Amino acid sequence: MGTLLAVEQLEVRLFDRSGVVLAVRGVDLTIGEGEVVALVGESGCGKSVTALALLRLLPADARIQGSAHFQGRDLLSMPIRELRSIRGSDIAMVFQEPMSSLNPAFTIGNQIIEVLKRHKGLRGASARQRAAELLNLVRIGAPEQRLRAYPHQLSGGMRQRAMIAMALACDPKLLILDEPTTALDVTTQAQILDIVRDLQQRLGMSILLITHDLGVVADLADRVAVMYAGAKVEDAEVGRLFASPRHPYTAGLLRALPRLNFQPGETRQRLTEIPGMVPVLRAHLDACAFAPRCPRAEDDCHLAKPGLEACDAKHVVACFHPEPVDTRVASS
Amino acid sequence: MRAYLLRRAGISLLTLVIASIVVFLGVRAVPGSPAVALTGNTDFTPAALAAINRAYGLDKPLPVQYVDWVGQIVRGHLGSSPVTGLPITTEIGNAFPITTELTILSMLVALLLGIPTGILAAIRRGHTADYVSNGLALFGLSIPSFWFGIMLILLLSVHFSVLPSAGFVSFSVNPAANLAHLLMPAFVLGTGVAAVLMRQTRSGLLETLRTDYVRTARAKGLSEWVVVGKHALRNSLVTVATVIALQFGVLLSGVAVTEEVFGLPGIGQLTINAVFQRDYPTIQAVALLTAALVIIINLVMDLVYMVLSPKVRLAGDPG
Amino acid sequence: MAAAQVPSRAGWWRRFSRRPPAVIGLVGVAVVVAMAVFAPLLAHYSPTTSQFGHVLAYPFSAGHLLGTDELGRDELSRIIYGSQATLEVGVLATLLAMALAVPIGIASGYYRGAVDMVAMRIADVLLAFPFLLLAVGLAAIFGPSLQNIVLALGIAQVPGAVRIARAEAMALREQDFIQAAIVTGVKDRVIIFRHLFPNMLSPLMVQASVSIPGAILGSALLSYLGLGVQPPTPSWGTMLASAQTYLYNDPWLAIFPGVAIFLTTLAFNLLGDGLRDLFDPSLR
Chain A
1 MGTLLAVEQL EVRLFDRSGV VLAVRGVDLT IGEGEVVALV GESGCGKSVT ALALLRLLPA
61 DARIQGSAHF QGRDLLSMPI RELRSIRGSD IAMVFQEPMS SLNPAFTIGN QIIEVLKRHK
121 GLRGASARQR AAELLNLVRI GAPEQRLRAY PHQLSGGMRQ RAMIAMALAC DPKLLILDEP
181 TTALDVTTQA QILDIVRDLQ QRLGMSILLI THDLGVVADL ADRVAVMYAG AKVEDAEVGR
241 LFASPRHPYT AGLLRALPRL NFQPGETRQR LTEIPGMVPV LRAHLDACAF APRCPRAEDD
301 CHLAKPGLEA CDAKHVVACF HPEPVDTRVA SS
Chain B
333 MRAYLLRRAG ISLLTLVIAS IVVFLGVRAV PGSPAVALTG NTDFTPAALA AINRAYGLDK
393 PLPVQYVDWV GQIVRGHLGS SPVTGLPITT EIGNAFPITT ELTILSMLVA LLLGIPTGIL
453 AAIRRGHTAD YVSNGLALFG LSIPSFWFGI MLILLLSVHF SVLPSAGFVS FSVNPAANLA
513 HLLMPAFVLG TGVAAVLMRQ TRSGLLETLR TDYVRTARAK GLSEWVVVGK HALRNSLVTV
573 ATVIALQFGV LLSGVAVTEE VFGLPGIGQL TINAVFQRDY PTIQAVALLT AALVIIINLV
633 MDLVYMVLSP KVRLAGDPG
Chain C
652 MAAAQVPSRA GWWRRFSRRP PAVIGLVGVA VVVAMAVFAP LLAHYSPTTS QFGHVLAYPF
712 SAGHLLGTDE LGRDELSRII YGSQATLEVG VLATLLAMAL AVPIGIASGY YRGAVDMVAM
772 RIADVLLAFP FLLLAVGLAA IFGPSLQNIV LALGIAQVPG AVRIARAEAM ALREQDFIQA
832 AIVTGVKDRV IIFRHLFPNM LSPLMVQASV SIPGAILGSA LLSYLGLGVQ PPTPSWGTML
892 ASAQTYLYND PWLAIFPGVA IFLTTLAFNL LGDGLRDLFD PSLR
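Chains as they are written, first to last, in this note's numbering: chain A, 1 to 332; chain B, 333 to 651; chain C, 652 to 935.
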């Protein structure tokens with residue numbers, strides 16, 4: 001499997017009322033062809049910012065450093081005109097809030113067709129036909145009618161599916177989904193995930209899935225990268241991450257998941273939470289950012305920033321005192 | 333949609349009716365008897381006063397007077413001016429086209445100056461173009477229009493003798509002279525409104541440029557022209573349209589003064605003369621006319637708002 | 652859009668002073684206020700004494716920096732004293748409008764219902780008459796004098812100000828802290844005076860500073876039309892009116908009062924903008 005996207009040492013500085021925020025500090029990420037990679041973390045860890053940085057959709061005063069090589073070209077340094085021909089066609093993005101992400105003044109059809117017009121030169125009847133096909137693809141019934149609908153006339157789930165249809169219009173090689181189900185109710189979430197899984201299997205595109213919901217991750221992802229305070233702290237194949245998380249933060253996240261299936265004899269435990277909040281960093285930190293909240297922290301954690309080290313096959317973790325391998329599962 | 337329109341039309345009608353009552357009562361609230369107000373004379377013999385009162389129907393109860401008055405207006409009888417002796421309808425008829433042309437030209441100037449500058453300032457926010465545009469807007473907002481008019485006359489009529497300083501020539505008589513006489517006044521009026529439009533367009537566009545759907549448009553790889561011109565602008569049009577409607581009222585205010593300064597015999601000058609000469613029938617008529625115009629324009633703008641906003645159009649309720 | 656912001660007190664001067672136009676506005680307003688307050692000290696001549704030997708003198712002539720007017724009165728002194736009328740009218744009219752509009756607006760926005768409907772219909776009617784025409788009409792009815800144009804302009808501003816006060820009151824009412832007070836049974840009067848009104852102060856201040864320029868221009872206009880202070884008291888508007896007759900002889904007479912009005916209005920506009928940016932910088 002070839003590498004589709006290689007992000008190296010991505011740094012993003014944003015500006016708020018009080019000054020600079022180092023939202024992403026030195027992230028490496030690779031996405032292979034046909035691979036589904038999940039970028040996971042709490043709110044404020046920089047995962048959305050990472051995704052937006054790839055397509056340079058951040059506010060004009062944001063400062064981006066590093067490189068993101070996509071099919072041999074660096075997305076972050078190419079002329080904006082070149083990037084525009086990649087946006088929406090080779091790389092497409094679906095945002096979190098389908099209501100505010102769709103223009104309320106234009107019909108769904110109008111907004112889908114304008115992508116087709118822009119990148120494929122389709123017009124008129126052929127464009128409408130293709131748009132209807134796309135709506136079918138995301139399982140929206142009566143597509144010809146729906147094309148004439150305005151966003152506020154559709155339900156939340158349908159709007160999100162329309163956004164996905166819009167993103168798939170030009171057969172993207174990489175689909176970025178930013179919290180695709182967070183704004184939806186549970187039933188609709190399941191539907192959307194179903195559609196996404198199905199589409200990925202059929203069309204074979206790569207997906208970068210941004211989410212804080214580990215359930216979604218388990219459902220869709222091949223590989224998971226965990227982010228904390230703007231840096232990647234663990235990266236592993238999904239099964240291995242869930243079975244044997246090495247970073248204390250990842251372990252904490254997993255322990256915070258409510259579980260309904262108990263083996264006979266297991267005692268029910270209280271949900272553990274990770275005390276404290278994700279810090280907002282304004283400059284590089286010469287220490288582990290998670291140390292203040294970490295149950296396994298020791299003195300050296302506060303003195304130097306741990307780098308990503310391989311702890312297993314295709315499994316890296318940034319920690320001086322990682323969790324022990326879960327021997328119950330390791331052998332399976 | 334129809335329900336909304338009907339409701340708005342109903343409210344407009346109600347406002348108009350109340351306005352007419354205010355105008356009607358206003359004249360009768362002036363110190364001195366209404367007979368004085370309506371005829372312009374101050375001394376009457378008791379017999380003459382009684383005769384006048386009967387002639388004008390002033391001896392009837394107030395509500396009856398009002399109904400009579402409304403009936404007359406609807407039939408187009410606005411009475412005669414006690415000052416000039418001319419039927420008010422004629423005076424208004426003569427003055428109206430001048431004011432209308434001035435208002436339309438001024439609005440054109442305002443739109444042509446204000447909206448492009450506002451758009452420019454928004455997309456070049458923080459750069460020179462933005463500062464210059466904002467500076468010009470402040471200039472337009474702070475300058476007293478009548479002084480601006482006098483200054484322009486000083487420059488272009490006195491100093492350079494390029495444009496005439498007063499008077500009016502009808503378009504059908506001489507188009508070039510017509511425009512020459514209206515150019516300065518329209519510019520003076522238009523710049524004030526342009527300043528407001530520029531600010532409104534700029535802030536409206538800045539707001540829409542920050543939205544998620546504009547971000548989506550960019551993520552689709554659309555060119556900046558399409559992103560700004562189609563997606564962002566379309567949604568800021570609504571606020572701009574509302575402001576334009578409000579500015580018509582401002583224009584009608586400014587028209588009065590500008591006509592004074594430039595000696596244009598329009599409704600504004602008619603009004604001011606009437607006010608100073610205590611020509612109450614004329615004041616009454618013009619006040620009602622202006623109020624009606626403003627109310628109608630607001631109603632039209634509601635229509636425009638409906639067309640621009642699909643939510644309102646389809647659901648029938650402002651979103 | 653009427654986002655009732657609860658502004659942060661800390662560092663407001665720092666944020667205000669960071670923007671040069673706002674500071675310039677503040678300085679300008681201070682200058683005009685100083686002119687009005689210290690007029691007797693600043694003016695060399697009396698603004699009303701005519702010197703018939705020096706009629707229509709140009710600027711920089713014999714002891715008259717800005718020249719003299721058609722009756723030989725020193726232009727500079729008249730400009731300085733003229734600031735009094737302008738400021739009085741501009742500020743008082745706006746304060747009057749606010750004093751009338753805020754209670755009505757609060758009652759309308761907080762209680763809604765019948766009060767609101769009636770108030771809004773009346774506001775609509777008043778707003779149907781163009782602002783200046785309304786002011787001119789009222790001033791003509793009341794008779795020409797300073798107090799009367801304050802009254803006229805103040806009343807003419809009321810409907811617009813009511814709309815704004817009402818919007819603020821409505822927006823604030825929906826905020827959680829007010830809702831909490833209502834739900835826990837706090838008396839209306841207490842809510843309005845202790846919670847609602849203090850939070851309306853800053854948007855109202857911004858609104859006032861934005862309205863003053865309009866009032867100043869209005870006062871200049873009314874004076875120009877002869878409805879304001881009567882001669883010989885100097886007022887920039889009346890000075891402009893008489894200057895128009897002498898436009899060919901001495902254009903300077905028409906320039907100085909206008910510049911004075913322009914700069915004063917500009918200063919208030921800049922100040923108003925600065926205050927607005929302070930409380931709602933997102934619009935910048």
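Here a beta-carbon is modelled for each residue, glycine too, at the ideal position from N, C-alpha and C. Quick caveat, the model's predicted, so the values are computed rather than measured.
Around the CB of A:T187, fewer than 16 other CB atoms lie within 10 Å, so the residue is classed as exposed. Annotation: C:A892 to C:L876 spans about 7 Å, alpha carbon to alpha carbon. Taken in chain order, the complete beta strand (DSSP E) segments of 3 residues or longer contained in the segment 25 to 70 of chain A are 36 to 40, 63 to 70. Taking 8 Å as the cut-off, the Cβ atoms of B:V570 and B:L640 count as close. Taking 8 Å as the cut-off, the Cβ atoms of C:I842 and C:I757 do not count as close.
Remark: C-beta atoms of B:L554 and A:E114 approach each other more closely than 8 Å.
Under the three-state reduction of DSSP, C:E825 is assigned to coil, being neither helix nor strand. Annotated as distal: C:A791 and B:V626, with beta-carbon spacing of 8 Å or more. Rounded to whole angstroms, the gap between the alpha carbons of A:T107 and A:T182 is 24 Å. Apart from sequence neighbours up to five positions away, the residues of its chain that approach B:S497 with a beta-carbon distance below 6 Å are I485, S489, ordered along the chain. In the DSSP annotation of this structure, the continuous segment of the beta strand (DSSP E) that includes A:H315 starts and ends at 315 to 317. Within chain B, no residue has its CB atom less than 8 Å from the CB of A:E179, the nearest being about 12 Å off.
With its beta carbon less than 8 Å from one in chain B, C:N920 belongs to the interface.
Beta-bridge analysis with DSSP links A:S206 to A:L174. One finds nothing in chain A with a Cβ atom closer than 9 Å to the Cβ of B:N510; even the nearest lies about 40 Å away. In the DSSP annotation of this structure, the continuous segment of the alpha helix (DSSP H) that includes B:V399 starts and ends at 394 to 406. For A:T3, the enclosing beta strand (DSSP E) covers residues 3 to 16. The C-alpha of C:G760 is placed about 34 Å away from the C-alpha of B:L394.
Taking 8 Å as the threshold, the shortest C-beta distance from B:R534 to chain A does not fall below it. In the three-state reduction of the DSSP assignment, A:C294 falls in the coil class.
With respect to chain B, the C-beta atom of A:A105 has a partner C-beta closer than 8 Å. Apart from the 5 residues on each side of it in sequence, B:V494 sits with its Cβ closer than 8 Å to the Cβ of L488 in its chain, given in chain order. In the structure shown, B:H563 falls within a helical segment according to DSSP collapsed to helix, strand and coil. Proximity of C:R670 to chain B, defined by a Cβ-Cβ separation below 8 Å, is not satisfied. Only those residues of the segment 619 to 642 of chain B whose C-beta falls short of 7 Å from the nearest C-beta of chain C are listed: A619, T622, A623, V626, I627.
A distance below 8 Å between beta-carbons, with the five flanking residues on each side excluded, links B:L434 to the following residues of its chain, in chain order: L514, P517, A518, L521, V587, T590, E591, L596, G598. Around the CB of A:F70, 16 or more other CB atoms lie within 10 Å, so the residue is classed as buried. Rounded to whole angstroms, A:D178 and A:P279 show a C-alpha spacing of 22 Å. Put simply, of C:A803, C:M821, C:I730 the residue whose alpha carbon is nearest the alpha carbon of C:A911 is C:I730.
C:E739: member of the alpha helix (DSSP H) spanning 726 to 757, first to last residue.
In this structure, A:A92 is the residue among A:A92, A:A304, A:D28 with its C-alpha nearest to the C-alpha of A:K173. Per DSSP, reduced to three states, the secondary structure at A:I274 is coil, with no helix or strand assignment. Counting along the chain, A:Y228 sits inside no alpha helix (DSSP H); it lies in the beta strand (DSSP E) bounded by residues 223 to 228. Within the segment 517 to 584 of chain B, the complete alpha helix (DSSP H) runs of at least 4 residues fall at 544 to 551. Along the segment 535 to 550 of chain B, going in chain order, the ones with a CB nearer than 9 Å to a CB of chain A are R542, T543, D544, Y545, V546, R547, T548, A549, R550. When C-beta distances to chain B are compared with 7 Å, the residues of the segment 885 to 916 of chain C below that value are L891, Q895, L898, Y899, P902, A905, G909, I912, F913, T916, in chain order.
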